[in-house]
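In numbering that gives the first Met the number 0, the protein residues as written are 0 to 139.
Note that beta-carbon positions come from the ideal geometry of N, C-alpha and C, so glycine has one too.
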Amino acid sequence: MSEKNEEAYQAYILRITKDEWVERVYEGKKYYVGIPRRWEAGLTVFIAYRTEKGDSLIGYGAVGAVKKMKDLGGEEREECVKHGARWILYFDKLVRFRFPLLIKDTVLKDVAVHGRYLHGFHLTKEQTRSIQAKADELNH
């Protein structure tokens, strides 16, 4: 992977739209995803959710493994079909922020991507570091 591509694909944002899905992701430490990206172990994924105050980052995870739907069987395959997913991201580490970080309070405030368009948005190393620092400041 070239340095330019490595910079462009440091992390992604995945947006969850329902309370029960948030709980499911955190309890199962996996995310069924349908949006095509370079899903691979080692990626950082920020979880976005619409809170009372607006779109917020509610946590992040380190992807430990990725499985394609075509390689799955049984219940996991059925879940992929049910949710229109093509991959399952399995998290080695999954952190839930005590205090959600409003997107408008991050380096993403000036990015012309909001709401559902945050789903699958890629972050550079610089953006990732800035968001992690802001989240640490807010949650510690």
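Asked: 6 Å Cβ shell around Leu107 - same chain, five flanking residues per side excluded; Found: none
Asked: Short Cβ contact (9 Å threshold) for Ala84 with Ala64; Found: no
Asked: Cα-Cα separation between Arg95 and Gln131, rounded to whole angstroms; Found: 12 Å
Asked: Coil, strand or helix - Lys17 by DSSP; Found: coil
Asked: Nearest candidate by alpha-carbon position, reference Met68, set Arg128, Glu77, Ala134 and Val62; Found: Glu77
Asked: Own chain residues within Cβ distance below 7 Å of Asn138, not counting five before or after; Found: Phe96, Arg97 and Phe98
Asked: Same chain only: Cβ atoms within 8 Å of Gly158, ignoring 5 sequence neighbours per side; Found: Summary: the structure shown does not reach residue 158, with the chain confined to residues 0 through 139, and so no result is reported for it.
Asked: Expected contact under 8 Å - CB spacing of Tyr11 and Leu42 to nearest Å; Found: 7 Å
Asked: Distance between Cys79 and Glu125 (C-alpha atoms, nearest Å); Found: 33 Å
Asked: Element boundaries [beta strand (DSSP E), containing Ile130]; Found: Segment Lys124 to Asn138 is the alpha helix (DSSP H) holding Ile130; no beta strand (DSSP E) there.
Asked: Asp109 versus Lys66 - alpha carbon distance; Found: 34 Å
Asked: Leu71 versus Gly114 - alpha carbon distance; Found: 31 Å
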